[in-house]
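Peer 1:
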Amino acid sequence: MAAHTLRIILLIVHLPLVGGLAVDTILGDRVQFPETEQCRERGATLQHTLTGGSSQTVAHLEDVWKPEAGYKDRMSPNESVVLNRSNINDQGLYGLTCGSEQEKPIHLNVITSSEKSVTEGQAAGFTSTTLLQENSGDGDLTLTLQAVKPEDRGDYFLYVLKDRKRGHLQAVRMRVSPALNTPEERNPEQITCTPQPPCKERTPWIPIAIIAALVLVALGVVCRQRICRSNVSSGGGRSPTEEESQPITEPRVPEENGHASLA
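Mature numbering (1 follows the signal peptide of the UniProt record, and there is no 0) puts the sequence shown at residues -22 to -1, 1 to 241.
Put into structure tokens, the structure is as follows:
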């Protein structure tokens, strides 16, 4: 993500100041020491001045810049000294020794940033607490960037320059969201529904055909039942049961004296 400064009011980072070059980075970001790219003298070194006054060599130049112990996990051989990720202990004063030239001091500032999200086309405000403290009588000191564009996204550094010395440094990481193009997107509560034309009625041929088939089946069953009943009533086609087929005989009277008497 690119580093930015607000024009006119804020200073451009990497501007030479009294006491050396200032390099600003946000905690955890990649950081490059630009002066090392210009040095091509074999044996050149970049050293970090630690608390207490001792120094630690960060890298040395052969054909390319190579990291020293303690930096090999964060730096690869390169045309310049680049730390892949910065930590708070990297902050401080560095010295670049390049051939017979005088050592060049470099101030590395590692700072935390605040987050800001702005929609494309809107204004972005940056408020410097340092400005409010050092110039308390100046009123509203919020710096405004009008009509933000997608390319404006990135890191912004804010500070006060007094007698060519910088005051407290602040950082803002700004993200730019795409603009809302339609009125509905800008105010979803005002979305209106457009009535849709009525659908053309479709004749339900399949249901009608099924109903007609069921009616025909029902009529066929009724007719069959009526024909069967007619045949039964006329005797046609009916076979007599065993009880009906036996002939009817008169009851016999017991014989008296060998003669049968009829009642």
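Cβ coordinates follow ideal geometry from the N, Cα and C atoms, glycine included.
1) Let me check understanding here. Comparing Cα to Cα, which of 5, 10 and 155 lies closest to residue 55?
2) Quick check: what's the CA-CA separation for residue 153 versus residue 131?
3) Counting along the chain, where does the alpha helix (DSSP H) carrying residue 16 start and finish?
4) Would you mind listing the alpha helix (DSSP H) stretches within the stretch 13 to 101 that are 4+ residues and don't spill past its ends, in chain order?
5) Could you tell me which of 31, 78, 57 and 88 sits nearest to residue 14, measuring between CA atoms?
6) From residue -18 to residue 59, what does the alpha carbon distance come to, in whole angstroms?
7) Does residue 84 pass the burial test, meaning 16 or more other C-beta atoms within 10 Å, or should it be called exposed?
8) Tell me whether residue 156 is buried or exposed, calling it buried when 16 or more other Cβ atoms sit within 10 Å of its Cβ.
9) Helix, strand or coil, according to DSSP, for residue 103 in the structure here?
10) Along the chain, where does the beta strand (DSSP E) containing residue 132 start, and where does it finish?
11) Assuming residue 157 is part of the beta strand (DSSP E), what are its boundary residues?
12) Reducing DSSP to helix, strand and coil, say where residue 126 ends up.
13) Can you tell me whether residue -7 is buried or exposed? The criterion is at least 16 other CB atoms within 10 Å of its CB, across all chains shown.
14) Count the other CB atoms, across all protein chains shown, that sit within 10 Å of the CB of residue 106; report buried if there are 16 or more and exposed otherwise.
15) Taking all protein chains shown into account, do 16 or more other C-beta atoms lie within 10 angstroms of the C-beta of residue 39, making it buried, or fewer, making it exposed?
Peer 2: In short, the structure shows the following:
1) 10
2) 5 Å
3) 13 to 16
4) 13 to 16
5) 57
6) Confidence is the limiting factor: at residue -18 the pLDDT is only 48, short of 50, which leaves the residue's position unreliable and the question unanswerable from this model.
7) buried
8) exposed
9) strand
10) 132 to 136
11) No beta strand (DSSP E) holds residue 157; DSSP gives it neither H nor E.
12) coil
13) At residue -7 the pLDDT is 42, less than 50, meaning the model places this residue with poor confidence and gives no usable figure here.
14) buried
15) buried
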